[in-house]
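Using my numbering, the first residue of the sequence shown is number -12, and each one after it goes up by one.
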Amino acid sequence: MPLAPRRQYDDHWSVSPTSLDRLLHGLVGRLTSGISPAALGLAGIDWWLHLSTSPGKQWQLIGQVLRQQSRLTSYTLALAQGQAPRRCIEPLPQDHRFDDPAWQRWPFNWLSQGFLLQQQWWHHATNGIGGMSAHHEQVVAFVARQCLDVVSPSNHPLANPVVLDATLRESGANLLRGQQLLLEDWQHSLAGQQPPEAEHFRPGHEVAATPGEVVYRNELIELIRYTPVTETVFAEPLLIVPAWIMKYYILDLSGHNSLVRFLIERGHVVFMISWRNPVAEDRDLGMDDYLQHGVIDALQAVRAIVPGAAINATGYCLGGTLLATAAAWLARHDPTLLNGVTLLAAQTDFTEAGELQLFIDESQLDFLDDLMWLQGTLDNRQMAGAFRLLRSNDLVWSALVDNYLMGQRASMNDLMAWNADTTRMPFRMHSEYLRSFFLGNDLFAGRYRVQGAVVSLSDIRVPVCAVATEKDHVAPWRSVFKIGLLADTDICFILASGGHNGGIVSEPGHPGRHYRIAQRHPDMHYVGPDEWLRVTPPQEGSWWPAWSDWLAQQSSGRIAAPASCPTSLGPAPGQYVLQR
């Protein structure tokens, strides 16, 4: 059943700041990668006012400085006497900047210890201040970390013993190579090209190469149907809805780690949405467009190709949030269309939405609106910059040291090449998504409207499988787990090792992988995430076979594999995935 035509504008869009204000904010946003100076200023004022009126906290910080200086002085004197004293402070488990044994030599051990003590002091100075809003506290702590990372001795050639050793050993050749790599990257950036070596991973050749055909196309999506490789297949086709912030082929990378290939070898008829990369002229595409012309149109196209069959739908990241919204809408308008829903690293509740919440408040979103208003879309480089800041040690500074000081570029692999093949997002859609989901949490609270009518996740009656990953900083697993609070149906929850991308691309045979799995029925009491983690034992290996088994349990049986689809519009991977 099609949705009603979209309204031209809603209440939020009918009231806009002046074009002059938007122009100014948009121009500033280009210089700040979309980060609002006002949002940072408000957080800083909140921190300063509350800290300045908290003498107890101030005395605590002064006492900590004195204790740290005493420890560092004792450590320094012991080093001067040729002793090997116990370190003043240990790095955090995820901090590997000072792991190399060279950092244990004088004066580099003193430099690293002094820096870590300073980092610890600033952590206490920006946390635990009474009266300060939790969001502002997170923002100030984040800014403090960014500033400290800039002055970390690991980032400076004269203070980094690993760089100094390499420079002496190679007579400066490492620095020359680093300058060549810097020039190469700068030229690629100016030309809007992908990073070096990414051209070795071409969609349709080295990646996104599973045979199939495009069977449907509209102005927003191409629908790919993959060629079955088994004599019999499950009666229920499988539609995958990837996030539009990324190219779909993260789920169809190389032959050995392609989720699509794994599924068709298990006997599933797989369809995949490939989103078109929007341009400035698409600025007015909204969430309803992505719902109607993305998920709903794709489901109806699958139904036309496989008549009478209910569909297993899977959504990844933002695609999963959109799919959950569509499933709630379909529960009232076409309840027989879906057979089951799988959400991969996808949130439905955004009260604990991870580190991206640092960039989500009214001031920041208003500023980001103006930047997107100026451009028509949110540029891929601006989105990538925000994600890199969240893990600046690993994704910014360590990479700069390795590339430009050590002269060593990490070899490109399929996941890295995919990560560099980014997309844009339309002005209207991205603003609606951030305001309605991240800021307002409207979907989980039962306030989100699809074409004017509220949808409720509690209306979903088909079985749901939610997959989360342990180290996900985009969709924290405890946030994903909350689907169990609303959905009044059978829920299978899988918690896999790894992060937002690496934990999902977790093929059988991948070393060091494990997962937990448990099912909850509607008549069972809710168990909180920490208790669930405690009572659910880990299992070694990939979660893919366990999910495939769950899909098989939802199936009515197997049938003869279908012949080629008569509506082919060309071979996979299609045209949209090739758009830059």
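Using N, Cα and C, we set each Cβ at its ideal position, and we do this for glycine too.
Practice task
Starting from Ala146, follow its DSSP beta bridges and name the residues at the other end.
Solution key: For the purposes of this step, residue 146 is identified with residue 159 of the sequence shown, where counting begins at 1. Paired residue(s): none; Ala146 is not in a bridge.
Problem - DSSP three-state assignment for Gln438, whether helix, strand or coil - result: Here the question's residue 438 lines up with position 451 in the sequence shown. Gln438: coil per DSSP, three-state reduction.
Exercise for the section: Quick one: measure Cβ to Cβ for Leu324 and Leu317, integer angstroms, because I've assumed they're closer than 8 Å. Expected result: The residue labelled residue 324 in the question sits at position 337 within the sequence shown. The residue labelled residue 317 in the question sits at position 330 within the sequence shown. At roughly 6 Å, the Cβ-Cβ gap stays under 8 Å, so Leu324 and Leu317 are in contact.
Practice task
Whole angstroms is fine: what's the gap from Arg92's alpha carbon to Arg156's?
Solution key: As a first step, residue 92 is located in the sequence shown; it is residue number 105 there, counting from the start. As a first step, residue 156 is located in the sequence shown; it is residue number 169 there, counting from the start. Answer to the nearest angstrom: the Cα atoms are 17 Å apart.
Handout entry: Beta-bridge partners of Cys452, as assigned by DSSP
Key = Within the sequence shown, numbered from 1, the residue matching residue 452 stands at position 465. According to DSSP, Cys452 bridges with Thr329 and Cys479.
Practice task
May I ask you to report which of helix, strand or coil DSSP gives Gly569?
Solution key: In the structure as shown, the chain begins at -12 and stops at 567. Residue 569 is therefore absent and cannot be evaluated.
Handout entry: DSSP state of Tyr513 mapped onto helix, strand, coil
Key = Against the sequence shown, residue 513 aligns to sequence position 526. Tyr513: coil per DSSP, three-state reduction.
Problem - C-alpha distance - Pro215 paired with Leu226, whole-angstrom precision - result: Numbered from 1 along the sequence shown, position 228 holds the residue referred to as residue 215. Numbered from 1 along the sequence shown, position 239 holds the residue referred to as residue 226. Roughly 14 Å separates the two Cα atoms.
Practice task
Would you check if the distance between the CB atom of Leu98 and the CB atom of Ala146 is smaller than 7 Å?
Solution key: The count along the sequence shown starts at 1 and reaches residue 98 at position 111. The count along the sequence shown starts at 1 and reaches residue 146 at position 159. Their beta carbons are under 7 Å apart, which means Leu98 touches Ala146 by this criterion.
Handout entry: Separation of Trp173 from Ser568, as counted between CA atoms
Key = Since the displayed the chain opens at -12 and closes at 567, residue 568 lies outside it and no answer follows.
Problem - Met259 versus Leu238: straight-line alpha-carbon distance, rounded - result: Residue mapping note: residue 259 aligns to position 272 of the sequence shown, counting from 1. Residue mapping note: residue 238 aligns to position 251 of the sequence shown, counting from 1. Taking the straight line joining both Cα atoms gives about 9 Å.
Practice task
For Leu569, collect the residues of the same chain with a Cβ closer than 6 Å to its Cβ; drop the 5 residues on either side in sequence, then sort them by chain order.
Solution key: Beyond the ends of the chain as shown, which are -12 and 567, falls residue 569; an answer cannot be given.
Practice task
Look at Ala315 and Ser443 and say whether their C-beta atoms are less than 7 Å apart.
Solution key: Residue 315 sits at position 328 when you count from the first residue of the sequence shown. Residue 443 sits at position 456 when you count from the first residue of the sequence shown. A contact, by the Cβ cut-off of 7 Å.
Exercise for the section: Could you pull the start and end residues of the alpha helix (DSSP H) that Arg9 belongs to? Expected result: Against the sequence shown, residue 9 aligns to sequence position 22. Note, Arg9: alpha helix (DSSP H), Ser6 to Leu18.
Problem - Spatial distance of Ala71 from Ala65 (CA atoms) - result: Translated into positions along the sequence shown, residue 71 becomes position 84. Translated into positions along the sequence shown, residue 65 becomes position 78. Going by the C-alpha atoms only, they are around 7 Å apart.
Exercise for the section: Determine the DSSP secondary structure at Glu339, reduced to helix, strand or coil. Expected result: Numbered from 1 along the sequence shown, position 352 holds the residue referred to as residue 339. The answer is coil: DSSP assigns Glu339 none of H, G, I, E or B.
Exercise for the section: Report yes if the C-beta distance between Ala112 and Leu48 is below 7 Å; otherwise report no. Expected result: By one-based count along the sequence shown, residue 112 stands at place 125. By one-based count along the sequence shown, residue 48 stands at place 61. Against a cut-off of 7 Å, the Cβ pair of Leu48 and Ala112 comes out as a contact.
Exercise for the section: Express the C-alpha separation of Trp34 and Trp46 in angstroms, rounding to a whole number. Expected result: The residue you call residue 46 lines up with position 59 of the sequence shown. The residue you call residue 34 lines up with position 47 of the sequence shown. So the two alpha carbons sit approximately 16 Å from each other.
Handout entry: Simplified DSSP assignment, three categories, for Met359
Key = Counting from one through the sequence shown, the residue named residue 359 turns up at place 372. In this structure, Met359 counts as helix in the three-state DSSP scheme.
Practice task
Identify, in the order they occur along the chain, each residue of the same chain with its Cβ nearer than 7 Å to the Cβ of Phe424, setting aside the five sequence neighbours on each side.
Solution key: What you label residue 424 is simply residue 437 of the sequence shown in a count that begins at 1. Cβ neighbours of Phe424 beyond the five flanking positions: Thr308, Phe337 and Leu430.
Handout entry: Cβ-Cβ separation, Leu240 to Val492 (assumed contact under 8 Å), whole Å
Key = Position 505 of the sequence shown, counting from 1, holds the residue named residue 492. Position 253 of the sequence shown, counting from 1, holds the residue named residue 240. Right, their Cβ atoms sit about 7 Å apart.
Handout entry: Asp536 and Ala332 closer than 7 Å at C-beta
Key = Within the sequence shown, residue 536 is the residue found at index 549, counting from 1. Within the sequence shown, residue 332 is the residue found at index 345, counting from 1. Result no, Cβ atoms of Asp536 and Ala332 do not sit closer than 7 Å.
Practice task
Might you give, ordered along the chain, the residues of its own chain that have their beta carbon closer than 8 Å to the beta carbon of Pro148, omitting 5 neighbours on each side?
Solution key: Here the question's residue 148 lines up with position 161 in the sequence shown. Asp87, Ala89, Trp90, Arg92 and Phe95.
Handout entry: Sufficient close CB pairs (3 or more, under 8 Å) joining the stretch 356 to 365 to the stretch 402 to 415
Key = yes
Practice task
On a CA-only basis, which of Cys75, Ser39 and Phe480 is nearest Pro516? Give me that one, please.
Solution key: In the sequence shown, the residue the question calls residue 516 occupies position 529. Per the Cα distances, Phe480.
Practice task
Can you tell me which of Arg434, Glu218, Trp534 and Glu268 puts its alpha carbon nearest to the alpha carbon of Leu207?
Solution key: Reading the sequence shown from its first residue, position 220 is the one you call residue 207. Per the Cα distances, Glu268.
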